[in-house]
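Student: Residue 15 in this note's numbering sits at position 14 of the sequence shown, with consecutive numbering throughout.
Glycine residues also receive a C-beta, built at the ideal position from the N, C-alpha and C atoms.
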Amino acid sequence: MKPRISLIPISLFICTLWVLLPAFPGGLCSNQQKAHDKWAIHDPNRPLPPVVIPGPSLPPVPPPSDAIVLFDGKNLFNWVDSKGEPARWKVEGDYMEVVPKTGNIQTKHGFGSCQLHIEWMAPIPAGGEGQDRGNSGVFLMGLYEVQVLDSFENKTYADGMAGAIYGQYPPLVNACRKPGEWQTYDIVFYAPKFDAEGKLLEPARMTVFHNGILIHHNAELTGPTAHKARPPYKAHAGKLPLMLQDHSHPVKFRNIWLRELE
Ligand code: MG
Numbered sequence: 002m003k004p005r006i007s008l009i010p011i012s013l014f015i016c017t018l019w020v021l022l023p024a025f026p027g028g029l030c031s032n033q034q035k036a037h038d039k040w041a042i043h044d045p046n047r048p049l050p051p052v053v054i055p056g057p058s059l060p061p062v063p064p065p066s067d068a069i070v071l072f073d074g075k076n077l078f079n080w081v082d083s084k085g086e087p088a089r090w091k092v093e094g095d096y097m098e099v100v101p102k103t104g105n106i107q108t109k110h111g112f113g114s115c116q117l118h119i120e121w122m123a124p125i126p127a128g129g130e131g132q133d134r135g136n137s138g139v140f141l142m143g144l145y146e147v148q149v150l151d152s153f154e155n156k157t158y159a160d161g162m163a164g165a166i167y168g169q170y171p172p173l174v175n176a177c178r179k180p181g182e183w184q185t186y187d188i189v190f191y192a193p194k195f196d197a198e199g200k201l202l203e204p205a206r207m208t209v210f211h212n213g214i215l216i217h218h219n220a221e222l223t224g225p226t227a228h229k230a231r232p233p234y235k236a237h238a239g240k241l242p243l244m245l246q247d248h249s250h251p252v253k254f255r256n257i258w259l260r261e262l263e
């Protein structure tokens, strides 16, 4: 006689797994990774993440021995504008500062997957509201933006606040310091992979720490970031310049270095 297996415990087990699996961010699909499906781009009803007060800002984090130093406070030799001409942002003290209307700047060399460290400061006094306050951006490969914005007591749409993967993922928390204080981004970026025909094999992924606090965990990008659009992936080179955005606000940057990962 065959043993009879009750279906009830099995169904209970499957139901429990179904409920619990999304709670593990390191799982096959993190919560964050799926979140964009539910929300229209720049949806004003998308919940804002909770505020977490980071520790005080620290002196610049020295680069490790294998880092490629992109900006050490001295000059913009590693940077050009979008036409390949010398970058025209201001260099003062140990930082560079956006000179509004001089355009985005980008590294002379291209990079793919990397660990990037960059420090930034929103202008004081804080002026403007929403997207019009301390706006800039860190564009991995010139295509995938981690938003720079003064999000200290400044509301905007969740997928456009400081630390957002612009238009796709709000940060897990709002870890913004006050304007006039140095902030850090530590970004682990894996470049997308394409086959010889240009078909996407692997999407881009990002893990990001803002002021040392985790704000993205292995988030899978839907494609390049854009304003009011989520364009699909288009095959591109394995290495492309890192770009910083001129959004007409005098945002400062310092101590920029990266480690290539592939
Ligand atoms: Mg921006």
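Suppose you measure from the CA of G74 to the CA of K39; what does that come to, to the nearest Å?
Tutor: 42 Å
Student: Compare the Cα-Cα distances from P50 to each of P172, S66 and R206 and report the closest residue.
Tutor: P172
Student: Could you give the distance in angstroms between the alpha-carbon of K109 and the alpha-carbon of D160?
Tutor: 29 Å
Student: Using the beta carbon as the reference atom, which residues fall closer than 7 Å to any heavy atom of the ligand MG, ordered along the chain?
Tutor: N136, S137, G138, E146, Q148, V149, L150, Y167, Q246 and H248
Student: Which same chain residues end up closer than 7 Å to G224 when comparing Cβ atoms and leaving out the 5 residues on each side of it in sequence?
Tutor: Closer than 7 Å at Cβ, skipping near neighbours: R231, P232, P233 and Y234.
Student: With DSSP collapsed to three states, give me the class of A236.
Tutor: coil
Student: Note the first and the last residue of the continuous beta strand (DSSP E) segment covering C177.
Tutor: Premise fails: C177 is in no beta strand (DSSP E) and is neither H nor E.
Student: Pull up the distance between the alpha-carbon of C115 and that of G131, whole angstroms please.
Tutor: Those two C-alpha atoms are separated by around 30 Å.
Student: From H248, W258 and F72, pick the residue whose C-alpha is nearest to that of N105; which is it?
Tutor: H248
Student: Where does Q116 sit, in a helix, a strand or coil, going by DSSP?
Tutor: strand
Student: Starting from N256 and walking both ways along the beta strand (DSSP E), at which residues does that stretch end?
Tutor: K253 to E261
Student: Can you give me the C-alpha to C-alpha distance between M97 and D82, rounded to a whole angstrom?
Tutor: 14 Å
Student: Hey, I197 and L222 are a contact pair by Cβ (cut 8 Å); roughly how many whole angstroms apart?
Tutor: Correcting the residue type first, residue 197 is Ala in the shown sequence and not Ile. Their Cβ separation, rounded to whole angstroms, is 22 Å, which puts A197 and L222 out of contact at 8 Å.
Student: Could you name the residues of the same chain whose beta carbon sits closer than 7 Å to that of N212, not counting the 5 residues immediately before and after it, in chain order?
Tutor: P55, A176, R178, Q184 and T185
Student: Please determine, among R260, L262, A220 and N256, the residue with the shortest C-alpha to C-alpha distance to L59.
Tutor: Each of R260, L262, A220 and N256 was checked against the Cα of L59, and the nearest Cα belongs to N256.
Student: How would you call D151, buried or exposed, if buried means at least 16 neighbouring beta carbons within 10 angstroms?
Tutor: Classification for D151: buried.
Student: What distance in whole Å lies between the Cβ atoms of P61 and E154, which are believed to be in contact at a cut-off of 8 Å?
Tutor: Not confirmed; about 26 Å, so no contact.
Student: Pairing CB atoms from the segment 238–246 with CB atoms from the segment 132–146, are three or more of them under 8 Å?
Tutor: yes
Student: When the Cα of H43 is compared with those of G129, P64 and A165, which residue comes out closest?
Tutor: A165
Student: Mind checking N79: buried by the 16 CB within 10 Å criterion, or exposed?
Tutor: buried
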